[in-house]
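The structure under discussion appears below in the form of structure tokens.
In the working numbering, the protein residues as written are 611 to 950.
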């Protein structure tokens, strides 16, 4: 599936990586859904499957050019370069918008997920019993995850490694938010806030030639945690992509039906009208390393249609839906242009 790409194609692939990276950081939004809607999901799964024993042999034998081509490395570097860059750019803007315009941001996401369901299902015409059952199973799983109660924080390194495997599933399974799963596992703040902050501080100190962090027990603890999480994420990406690549090839329609159902069921996670429920221990609200309250879950409610902000939120739902419809139209016109 590796292909020659123009400069413009590479630029847009990087932008798609930015979008996926920003989505992965937000609890409730799935980076896998973004990759599915933007049309690079199957190539991403295919590329991860190429990180295997043959690729390892090419690497250790010094056949770097063959390794680069075999693993579709141009694609991976652009997508994940965009994802990493978004963490320090787009996602920071997203953090600001969520802090000041939370209802409207969630409304936009909700509209985009609605559009995603249309985008994925519009060409799905196989309504056999097995596929209908798969859709229903996907809906049930999505709803069940939406209303699960979170666990307590756990910094055991093996558990953190497992969190990496499970949390990265948001990139490979459309509809499943890796960040939201980490909230349910109790480790969202530990892994995606506190540990990342400590890693950033460590890199800043190394850059200035300061290695005093090596004698700081707390700092080393966080570095071990982020290393275990990263290792688990890398293992999870390769492992789950091999499984998904196999099932997509063998049961493509059933998997697509399951994804449609799962994204539909997960709408409850991105429901715009909700209140944050903060984690409490010993009668006090917990705070993270930045002094922010730790979110435990969300309490959903129905909107009040007599309020002006409700209608603004509905407007943003329509905007989100419109974005996906425009992407769909662009993709259709581009395909017709290429085919013509």
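Yeah, the Cβ is synthetic: ideal placement off N, Cα and C, and Gly gets one too.
Can you grab the Cα-Cα spacing for the pair residue i / residue j, in whole Å?
{"i": "residue 707", "j": "residue 716", "result": "10 Å"}
{"i": "residue 663", "j": "residue 846", "result": "16 Å"}
{"i": "residue 694", "j": "residue 627", "result": "8 Å"}
{"i": "residue 765", "j": "residue 800", "result": "8 Å"}
{"i": "residue 727", "j": "residue 874", "result": "7 Å"}
{"i": "residue 811", "j": "residue 802", "result": "14 Å"}
{"i": "residue 685", "j": "residue 623", "result": "8 Å"}
{"i": "residue 880", "j": "residue 779", "result": "18 Å"}
{"i": "residue 615", "j": "residue 631", "result": "22 Å"}
{"i": "residue 891", "j": "residue 703", "result": "31 Å"}
{"i": "residue 822", "j": "residue 833", "result": "14 Å"}
Following the continuous beta strand (DSSP E) through residue i, name the residue where it begins and the one where it ends.
{"i": "residue 886", "result": "884 to 888"}
Can you tell me which residues form a DSSP beta bridge with residue i?
{"i": "residue 910", "result": "884"}
{"i": "residue 891", "result": "894"}
{"i": "residue 903", "result": "897"}
At which residues does the alpha helix (DSSP H) containing residue i begin and terminate?
{"i": "residue 641", "result": "641 to 647"}
{"i": "residue 732", "result": "Residue 732 -> no alpha helix (DSSP H), and no H or E assigned at all."}
{"i": "residue 757", "result": "No alpha helix (DSSP H) holds residue 757; DSSP gives it neither H nor E."}
{"i": "residue 619", "result": "617 to 635"}
{"i": "residue 776", "result": "767 to 777"}
{"i": "residue 677", "result": "674 to 680"}
{"i": "residue 791", "result": "788 to 794"}
{"i": "residue 832", "result": "827 to 860"}
{"i": "residue 807", "result": "805 to 817"}
{"i": "residue 614", "result": "Looking at the DSSP string, residue 614 is not in any alpha helix (DSSP H), and its letter there is neither H nor E."}
Give every residue of the same chain whose Cβ lies closer than 7 Å to the Cβ of residue i, excluding the five residues on either side of it in the sequence, and list them in chain order.
{"i": "residue 625", "result": "692"}
{"i": "residue 909", "result": "884, 885 and 887"}
{"i": "residue 854", "result": "655 and 782"}
{"i": "residue 944", "result": "In this prediction, residue 944 has a pLDDT of 49, which is less than 50 and means its spatial position is unreliable; what the coordinates show is noted afterwards. None."}
For residue i, which residues from the same chain have a beta carbon less than 8 Å from its beta carbon, with the 5 sequence-adjacent residues on both sides left out?
{"i": "residue 928", "result": "721"}
Less than 6 Å between C-beta atoms, sequence neighbours within five positions excluded: which residues of the same chain meet that for residue i?
{"i": "residue 865", "result": "857 and 858"}
{"i": "residue 870", "result": "730, 731 and 745"}
{"i": "residue 658", "result": "847, 848 and 851"}
{"i": "residue 970", "result": "A query on residue 970 cannot be resolved here, the shown segment of the chain reaching from 611 to 950 and no further."}
Assuming residue i and residue j are in contact, meaning their beta carbons sit under 8 Å apart, how far apart are those beta carbons, in whole angstroms?
{"i": "residue 752", "j": "residue 640", "result": "Residue 752 to residue 640, Cβ: 10 Å. No contact."}
{"i": "residue 688", "j": "residue 635", "result": "Going by Cβ atoms, the distance from residue 688 to residue 635 rounds to 19 Å, so no, they are not a contact pair."}
{"i": "residue 665", "j": "residue 650", "result": "Contact flag wrong, Cβ pair sits at about 20 Å."}
{"i": "residue 718", "j": "residue 930", "result": "4 Å"}
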